[in-house]
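Asks: Dropping the structure in here first, questions after.
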Amino acid sequence: MTKSANQNFIDRVWNFFSSVRLTIILLIILAVTSVFGTVIPQQESALAIVYHSFWFRLIIGLLALNLIFCSLNRLPATLKRYRSRPSPDRSRPFENISPDREILIQGDMDQIRNHIREYTQRKYRHTSSSETGKGTFFYGDRGRFSYFGVYVVHLSFLLILIGATVGSLIGFEGHVNIPEGETVDSVVLSKTGDHEHKALGFQVRCDKFSVDYYEDGTPKEYRSDLTFLEGGQKVFQSPLLVNHPVTFRGITFYQSTYGTIVGDEVQIRISRSDKESASQIIDLKKGKSFELPDDKGTLSMARASSDLMGLGPAVELIIQPGQGKVVRLWLLLNEKAIREKMPGILEKMDILNPASYQPFIFSLVRVDSKYYTGLLVNRDPGLPLVWSGFILIMIGLFITFFTSHQQIWIRVTPENEKIRVSVAGRANKNPLGLERDLDLLVKEISSRINP
Amino acid sequence: MINVDILNIITFAYFVSFLLYLLMLVMGKDGFGKAASLFTWAVFTAHTFALGLRWWESYRMGIGHAPLSNRYESLIFFAWTIVLLYLLLEWRTKNKSLGAFAGLLAFLAMAYAAFTNSNIRPLLPALQSNWLLAHVVTCFFSYAAFGLSFGISLLYLLKSPQGSDSNVFSRIIPERSMLDDLNYQIIVIGFILLTLGIITGAVWGQTAWGRYWGWDPKETWSFITWVVYAILIHLRIAWGVRGKWLAILSIVGFICVIFTYQGVNYLAGLHSYGQG
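See below:
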């Protein structure tokens, strides 16, 4: 490649990336592909197939590049317009002005000049004047910053994109269920499909979960009372409600869901195959044990499950005989229904057989239930960038659409004992506003001079 | 509830508004226009009163909240924003040719509301937030602005190009260039309000669901709508596109608005309380 061909290629790449044509094409692609995502019924697959996919991010990345190139391409011209200070004694602006922009007045020339000078200095940010053979010229302008509104808007998009990237790279999002009274020190990361845990660096205990209802039965409030601990020491306590997240050590907790699980207290019926009449119902609490009659050993509850292998709520018992091996077995709350559906199934496995520790037959009468709270847990270091982007967008849009760079020229010339004042102006936006201001200016001058 | 009874009457009153403005267009008589404006202002005042009454009634029921929490309330509020914006536009431009469209749109929104559950119901925990008011108000004013722009675009396409207006219908409609300027101005206002609506929604989403953006169908459709109007504004500023193409894009944009507002209720998502 020769040097000029090389240069040519760079120019073409530059022109391609800095064209509004590319912007429009990318925006159309973005809109159309976004529509596709919404017809995918499952939100998770929509995210995976479209919104979090590589090619969707590529479109957004290209758009960001396009935006940067466009801005850089136009910046020199904008700066030139921003810096330009047109000379006051120009005749071009006064060509073809309408008759009501010119007035003939009587009065003292110096007084009129001073008045106009004072008016322009009061109403306009930059003013200048010059004395020529053709008369006295005044110039004033304001709102130069209006050229930068577009840059502010576009810059804030980059800020939001950077914020989102920072959030997804060094932030995390996870979830955790905490049964009442229990403590956790890690959460399950959402991205990894429930495989990876993240240690929080502290512990969170759910002291209590409660649901409050309105009179008509619709939920009014979901509330978790949380305690944050470090090294077993209570550091911070706070209720957590929907719409009122709680942040601790930079990690934020949101009330997300709730549910019930088997609690710590169960009722068990103990019958005997040798003595039909000797049946009793006992309360068993986690951590406490029960002495079986006739010194046959002790009974205790190892753990409870809300749903054991799809068979419903269940409790695992540990039986420690006076001598010999420990026996473990699961009691099912739905034992009767399961027996009807699948006769003989429980007898096939010792661990599910209620009669596997002879002469006793155990059955689960009642289980206590308790709430667990489901929390969404995250840390997003990109948030300050995103929030600043949001504020800047609104400021930028306001500057772009509601401010304009207004320039005015006033020419004062003597004419047969009288004085002719001509007014002209230019604005990059809001032509109606300019006309209104020029009308006001003419009115102001004529009213002051000819009371 | 009294507010619902009043709102039912207002529904039909907007239909009368529509007829009066239509008569003005068809007959070309100023009298109908004056009557239409006066009548619509009166109906709008009653509408405002009914919204206030509904708000007050909710407090009397002990579940006080702004009437913006379900589909019924959003529809009657949508109608209210359309009429308010239209009346402001009529007052500023001294032109009534969009009145029939605004009256009809308000009537349709209110009539649709009549088929939904009009009970005042308590706020679910997810909706109990100060962001509710800011988010819903900005979104609906943007929808209303885009609705009026849709109407102006229809007028533009109806108006014959150069003063060759043979029919009365077209005579009252302002010149195409004026319609075009007005259309763009209203689109800009709608765009700014939609941006603010999306931003307030994002901030709310962060406090309620722990994320400011999640590509939920309603979020996505609001984004699509936003992109359509962003394309329109870029075409106007960079290439000076005006007239027919601006009108057509505005119509496409409003179809997206309708889908954002109502269509996505048929897709699942976190915004599903809009279905009630």
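Which chain is which? The protein sequence lines are E and D, in order.
Counting in numbering that gives the first Met the number 0, the first sequence runs from 0 upward without gaps.
Counting in numbering that gives the first Met the number 0, the second sequence runs from 0 upward without gaps.
We put the CB at the ideal spot given by N, CA and C, even for glycine.
All of these numbers come straight from a predicted model, not from anything done at the bench.
Does the segment 216 to 234 of chain D come close enough to the segment 249 to 262 of chain D to have 3 or more Cβ pairs within less than 8 Å?
Replies: Yes, the segment 216 to 234 of chain D is in contact with the segment 249 to 262 of chain D.
Asks: When Cβ atoms are compared, which residues of the segment 33 to 58 of chain E fall closer than 9 Å to chain D?
Replies: S33, V34, G36, T37, V38, P40, Q41, Q42, A45, L46, V49, Y50 and H51
Asks: Need the endpoints of the beta strand (DSSP E) that E:R204 sits in, please.
Replies: Within the first sequence, the letter at position 205 stands for residue 204 of chain E. Where E:R204 is concerned, the enclosing beta strand (DSSP E) stretches over H196 to Y212.
Asks: Could you give the uninterrupted runs of the alpha helix (DSSP H) lying entirely in the segment 323 to 403 of chain E, keeping only those of 4 residues or more?
Replies: 334 to 340 and 382 to 401
Asks: Counting contacts by CB-CB distance shorter than 7 Å, is D:V187 in contact with chain E?
Replies: Stepping through the second sequence from its first residue, residue 187 of chain D is reached at position 188. At least one chain E Cβ lies under 7 Å of D:V187.
Asks: For the segment 123 to 134 of chain D, which residues have a beta carbon sitting closer than 7 Å to at least one beta carbon of chain E?
Replies: L123, P124, A125, Q127 and S128
Asks: Over the uninterrupted alpha helix (DSSP H) stretch that includes E:Q42, give me the two end residues.
Replies: The residue given as residue 42 of chain E occupies position 43 in the first sequence. Start and end: Q42 to A45.
Asks: Shorter than 7 Å from the beta carbon of E:N377 to some beta carbon of chain D?
Replies: Here residue 377 of chain E refers to the residue found at position 378 when the first sequence is read from its first residue. Closer than 7 Å: yes.
Asks: Can you give me the start and stop residues for the beta strand (DSSP E) that E:F247 sits inside?
Replies: Taking the first residue of the first sequence as 1, we reach residue 247 of chain E at position 248. Run containing E:F247: V245 to F247, per the beta strand (DSSP E) assignment.
Asks: Can you give me the Cβ contacts of E:L396 inside the same chain, cut-off strictly under 8 Å, excluding the 5 residues immediately before and after it?
Replies: For this step, residue 396 of chain E is matched to residue 397 along the first sequence. Once the five neighbours on either side are set aside, the close Cβ partners of E:L396 are G148 and V152.
Asks: Under three-state DSSP, which class holds E:T256?
Replies: Locating residue 256 of chain E in the first sequence gives position 257, counting from the first residue. The answer is strand: DSSP assigns E:T256 an E or B state.
Asks: Can you tell me where the beta strand (DSSP E) holding E:Q319 begins and where it ends?
Replies: As a position in the first sequence, residue 319 of chain E is number 320, starting the count at 1. From DSSP, the beta strand (DSSP E) with E:Q319 extends over A313 to Q319.
Asks: I need the boundaries of the beta strand (DSSP E) containing E:Q405, first residue and last residue.
Replies: Against the first sequence, residue 405 of chain E aligns to sequence position 406. E:Q405 -> beta strand (DSSP E) spans Q405 to E414.
Asks: Of the choices D:K33, D:S221 and D:A113, whose alpha-carbon is the least far from that of D:W90?
Replies: Your numbering for residue 90 of chain D matches position 91 in the second sequence. It is D:K33 whose Cα lies nearest to the Cα of D:W90.
Asks: How about the segment 77 to 87 of chain D and the segment 95 to 112 of chain D: do they share at least three Cβ pairs that are nearer than 8 Å?
Replies: yes
Asks: Distance check for D:V136 and D:L84, CA to CA, integer angstroms please.
Replies: Here residue 84 of chain D is taken as the residue at index 85 of the second sequence, counted from 1. Here residue 136 of chain D is taken as the residue at index 137 of the second sequence, counted from 1. About 13 Å.
Asks: Smallest Cα separation from D:T10: which of D:A105, D:A65 and D:G98?
Replies: As a working note, residue 10 of chain D is residue 11 in the second sequence. For D:T10, the nearest C-alpha among the options comes from D:A105.
Asks: Would you give the residue range spanned by the alpha helix (DSSP H) that D:P216 belongs to?
Replies: One-based indexing of the second sequence puts residue 216 of chain D at position 217. For D:P216, the enclosing alpha helix (DSSP H) stretches over residues P216 to W238.
Asks: Mind checking who E:M300 pairs with in its DSSP beta bridge?
Replies: Within the first sequence, numbered from 1, the residue matching residue 300 of chain E stands at position 301. The beta-bridge partner set that DSSP reports for E:M300 consists of E:L316.
Asks: State the DSSP-derived secondary structure class of E:G309, mapped to helix, strand or coil.
Replies: On the first sequence, position 310 is the one that residue 309 of chain E refers to. Reduced to three states, the DSSP call for E:G309 is coil.
Asks: By Cβ distance below 7 Å, which residues in the same chain neighbour E:S209 in space, the five residues on each side in sequence not counted?
Replies: One-based indexing of the first sequence puts residue 209 of chain E at position 210. Cβ within range, chain order: R222.
Asks: Please tell me whether E:T164 has its Cβ less than 7 Å away from any Cβ of chain D.
Replies: Walking along the first sequence from the start, residue 164 of chain E turns up at place 165. Taking Cβ atoms only, chain D never reaches closer than 7 Å to E:T164, which makes this a no.
Asks: Indicate whether at least one CB of chain D lies closer than 7 Å to the CB of E:A30.
Replies: Here residue 30 of chain E corresponds to residue number 31 of the first sequence, with the count starting at 1. Yes, because at least one Cβ of chain D sits closer than 7 Å to the Cβ of E:A30.
Asks: Between E:E346 and chain D, is any beta-carbon pair separated by less than 7 Å?
Replies: As a first step, residue 346 of chain E must be located in the first sequence, where it is residue number 347. Chain D contact via Cβ: absent.
Asks: If you count every other CB in all the chains shown that lies within 10 Å of the CB of E:A426, and 16 or more means buried, which is it?
Replies: Position 427 of the first sequence holds residue 426 of chain E. Within a 10 Å sphere around the beta-carbon of E:A426 sit 16 or more other beta-carbons, which makes this residue buried.
Asks: Which first and last residues belong to the alpha helix (DSSP H) in which D:F114 is found?
Replies: For the purposes of this step, residue 114 of chain D is taken as the residue at position 115 of the second sequence. It is not in any alpha helix (DSSP H) - D:F114 carries neither H nor E in the DSSP assignment.
Asks: For E:E290, would you say it is in contact with chain D, using Cβ-to-Cβ distances shorter than 7 Å as the test?
Replies: In the first sequence, counting from the first residue as 1, residue 290 of chain E sits at position 291. It does not; no Cβ of chain D falls within 7 Å.
Asks: If you measure from the beta carbon of E:Y146 to each beta carbon in chain D, is any gap under 7 Å?
Replies: Residue 146 of chain E sits at position 147 when you count from the first residue of the first sequence. Chain D contact via Cβ: absent.
Asks: Identify which residue in E:F235, E:L298, E:L46 and E:A336 has its Cα closest to the Cα of E:L225.
Replies: What you label residue 225 of chain E is simply residue 226 of the first sequence in a count that begins at 1. Out of E:F235, E:L298, E:L46 and E:A336, E:F235 has the C-alpha closest to the C-alpha of E:L225.
Asks: Using beta carbons (cut-off 7 Å, strictly below), is E:Y81 in contact with chain D?
Replies: Mapped onto the first sequence, residue 81 of chain E falls at position 82. Not closer than 7 Å to any Cβ of chain D, the Cβ of E:Y81 fails to qualify, so no.
Asks: Can you list the residues of chain D that E:P244 reaches, using a CB-CB cut of under 8 Å?
Replies: The residue given as residue 244 of chain E occupies position 245 in the first sequence. Those are T206 and G209, listed as they occur along chain D.
Asks: Pull up the CB-CB distance for E:I58 and E:I28, whole angstroms please, since I reckon it's below 8 Å.
Replies: Here residue 58 of chain E refers to the residue found at position 59 when the first sequence is read from its first residue. Here residue 28 of chain E refers to the residue found at position 29 when the first sequence is read from its first residue. Going by Cβ atoms, the distance from E:I58 to E:I28 rounds to 6 Å, so yes, they are a contact pair.
Asks: What is the DSSP secondary structure of D:A143, counted as helix, strand or coil?
Replies: For this step, residue 143 of chain D is matched to residue 144 along the second sequence. Reduced to three states, the DSSP call for D:A143 is helix.
Asks: Please list, in chain order, the chain E residues whose beta carbon lies closer than 8 Å to that of D:L234.
Replies: Residue numbering aside, residue 234 of chain D sits at position 235 when the second sequence is read from its first letter. By Cβ distance, chain E contributes I23.
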